[in-house]
Amino acid sequence: MLAYTLMSELPELGKLNRKEIATLVGIAPMNRDSGSFQGKRYIRGGRHRVSTVLFVSIMSAIQCHPKLKPMYKRLVDAGKPKKVALIACMRKQITILSTMVKTTHTGMKI
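Take the sequence shown: its letters are residues 60 to 169, numbered as in my numbering.
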């Protein structure tokens with residue numbers, strides 16, 4: 060499901076850097092700062108279908124993926140809220156997938 064959604068909804072995968080792809084998906088942290096006031100970071104916008112499918116896939120990945128499972132556990136153990144840790148893992152996963160597409164010769168052709 061994730062592969063088909065990424066192929067159809069995110070043709071830029073593999074062509075953008077990690078910050079740009081995270082912003083495009085809508086999982087990059089935005090700041091709400093003004094002067095000396097430092098607000099909380101939040102996520103918004105982006106391609107809703109991609110971020111939804113990515114969220115569902117990360118729920119499974121944090122249980123068995125060799126890189127994402129320890130990352131999630133480390134963030135939660137450090138005191139981060141679980142949702143913040145999930146979003147960080149989503150960002151890591153989309154970065155990994157983008158790099159895989161970029162370095163693969165065939166790309167994501169069917």
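Note that CB positions come from ideal geometry on N, CA and C, so glycine has one too. Since the structure is predicted, the reported quantities are computational estimates derived from the model, not experimental observations.
Please go through the same chain and pick out, in chain order, the residues whose beta-carbon is closer than 8 Å to the beta-carbon of residue i, but skip the five residues on each side of it.
i	result
K74	K161
L127	I117, A120, I121, C148, K151 and Q152
Which residues in the same chain as residue i place their Cβ atom closer than 6 Å to its Cβ, once the five residues preceding and following it in sequence are excluded?
i	result
G104	G85
C123	none
R77	T154
So what does residue i bridge to, in DSSP terms?
i	result
S93	F96
Y101	M89
Quick one: using the 10 Å Cβ neighbour count with 16 as the cut-off for buried, is residue i buried or exposed?
i	result
A144	buried
Y131	buried
S93	exposed
A62	exposed
S67	exposed
S95	exposed
V115	exposed
Under DSSP, the alpha helix (DSSP H) around residue i begins and ends at which residues?
i	result
E68	L61 to E68
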